[in-house]
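Report on the structure given below.
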Amino acid sequence: MAIPIAILDCDLLLHGRGHKTLDRFDLDSVSDNFLLTQFGFPRGFILYLVELLREGLCRRTQRSRAISPEVQVLAALGFYTSGSFQTSMGDTIGISQASMSRCVSNVTRALVEKAPQFITFNRDLSTIEQSFREFQRVAGFPGVLGVLDCVQVAIKAPNSEDSSYVNKKGFHSVACQLVCDARGLLLSAETHWAGGLQDTVVLERSALYKQLQDTEQGWLLGDSRYPLRKWLMTPVDCPECPAEFRYNLAHAATREIVDRTFRAIQTRFRCLDGTKGYLQYSPERSSSILLACCVLHNASLQSGLDAWTLERTEPLEQPKSLNQRPEDRDSQAEDLRRQLIFKHFS
16 MAIPIAILDC
26 DLLLHGRGHK
36 TLDRFDLDSV
46 SDNFLLTQFG
56 FPRGFILYLV
66 ELLREGLCRR
76 TQRSRAISPE
86 VQVLAALGFY
96 TSGSFQTSMG
106 DTIGISQASM
116 SRCVSNVTRA
126 LVEKAPQFIT
136 FNRDLSTIEQ
146 SFREFQRVAG
156 FPGVLGVLDC
166 VQVAIKAPNS
176 EDSSYVNKKG
186 FHSVACQLVC
196 DARGLLLSAE
206 THWAGGLQDT
216 VVLERSALYK
226 QLQDTEQGWL
236 LGDSRYPLRK
246 WLMTPVDCPE
256 CPAEFRYNLA
266 HAATREIVDR
276 TFRAIQTRFR
286 CLDGTKGYLQ
296 YSPERSSSIL
306 LACCVLHNAS
316 LQSGLDAWTL
326 ERTEPLEQPK
336 SLNQRPEDRD
346 SQAEDLRRQL
356 IFKHFS
């Protein structure tokens, strides 16, 4: 059944620019390729998303002529996936910049509200066992619950010129701590951190850190920027024997999944790709847009779409090892890693 899409706010339409507007637009009247090119997703997923967010987008307002949920979703998807400014995408679909901005805000807010439904770290026994099996098939590393990374998304300089958002590479950003499973599904996404914070500080302040303190089986994998813990396995800094080298190789091959996942998110959602320019919003709104894209990534993966749309071609950045003070070392975690190496990589 065709779903008619109409903008009833006639004063928001941009006439005379030679563009096809969404006035009485019918999804069935355009090709699948048009939807993929303009909005980044196939027809079925767009229809699913409209129904998922409809209630949140149909809030009561003082205006008698509101933009429909269908148009709001298409406008927001166009912005997320194009990497272009709102003015450009607004011209493409035939609505004003003010309407475009309102659509992106509304859909972003609705998606953020859905985050607990789509991004969950389920640790029941059957889920844990499945995670162990799927990760071990990648490179033979046992007991993996998820792979961890902290990534940066470029933003404009905050009005306050807050130096806490200047990261180690010298540009303003928000930091996002991600954990994903072997399929690239996000298990945790905390997007609200200032880019100038060290990865270890983000981890220690995160909800994830508190959640994993009582973990009795399995661990996350993190690179050498993180401290070794019983629930967080890191590489051996200076491997000295074949078993330690094999451990490090399996660790790197498995942990790369989170890097590939974020590359895929940036590829699909060009608004997050720093090569296209930075997000033109406050840190708070930029964090919300980032989380909304994470929700869309999981929703699309759960709907059967591919997780990874781009393989990394450039060399991986080699992180600097964490300089731990002697009092910060975890002797129990060191013993656990030694046992792991001896049992599975010797």
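When we follow our numbering, the leftmost residue of the sequence shown carries the number 16, and every step to the right adds one. A virtual CB, placed ideally from N, CA and C, is assigned to each residue, including glycine.
Setting aside the 5 residues that flank it on each side, L243 is surrounded in the same chain by T249, D345, A348, E349 and R352, each with a C-beta closer than 7 Å to its C-beta; the list follows chain order. The beta carbons of G199 and Q167 sit no closer together than 7 Å. One Cα belongs to A130, the other to C308, and the distance between them is close to 10 Å. Distance from the CA of I356 to the CA of F150, rounded to the nearest whole angstrom, comes to 17 Å. In terms of Cβ geometry, G155 and A265 form a close pair [threshold 7 Å]. The three-state secondary structure of V119, taken from DSSP, is helix. DSSP, read as helix, strand or coil, puts I110 in strand.
Closest option to A125, judged by alpha-carbon separation, among S318, Q317, Q213 and L311: L311. Runs of the beta strand (DSSP E) spanning 3 or more residues and lying entirely within the stretch 146–231 occur at 159–169, 188–195 and 201–209, in chain order. A Cβ-Cβ contact shorter than 7 Å links T230 with W246.
Taking 7 Å as the cut-off, the Cβ atoms of V45 and A91 do not count as close. Of the candidates I304, D274, R300 and E299, I304 places its Cα closest to the Cα of R285.
Straight-line measurement puts the Cα of S111 at about 21 Å from the Cα of T52. Within the DSSP bridge table, the entry for L236 names V162 and M248 as partners. Our two residues, R240 and G161, have alpha carbons roughly 17 Å apart in a direct line. Straight through space, the alpha carbons of F133 and P57 are spaced by roughly 19 Å. In the structure shown, the three-state DSSP call for L320 is coil. Where T290 is concerned, there is no enclosing alpha helix (DSSP H), because DSSP gives it neither an H nor an E. Of the residues assessed, A279 falls on the buried side of the cut-off, its CB having 16 or more other CB atoms within 10 angstroms. Judged by DSSP in its simplified three-state form, E66 adopts helix. Measuring C-alpha to C-alpha distances from F94 to each of S188, M115 and K358 identifies M115 as the nearest. Shown here, Y95 sits in a helix according to DSSP, grouped into three states. If you draw a straight line from the Cα of R152 to the Cα of D164, it is about 21 Å long.
The continuous stretches of alpha helix (DSSP H) do not include I134, and DSSP gives it neither H nor E.
Burial of G55 is indicated by the presence of at least 16 other C-beta atoms within 10 angstroms of its C-beta.
Sequence-distant Cβ neighbours of T96 in its own chain, meaning closer than 8 Å and more than five residues away, are F54, G55, F56, R283, F284, R285 and C286. With respect to the C-alpha of L193, the residue from D238, L294, I82 and E255 having the closest C-alpha is D238.
Membership of E255 in any alpha helix (DSSP H) is not indicated, and neither H nor E is assigned to it by DSSP.
Here E144 is exposed, its C-beta having fewer than 16 other C-beta atoms within 10 Å. Secondary structure at V273: helix, using DSSP grouped into helix, strand and coil. By the CB criterion at 7 Å, Y262 and F147 fall outside the cutoff.
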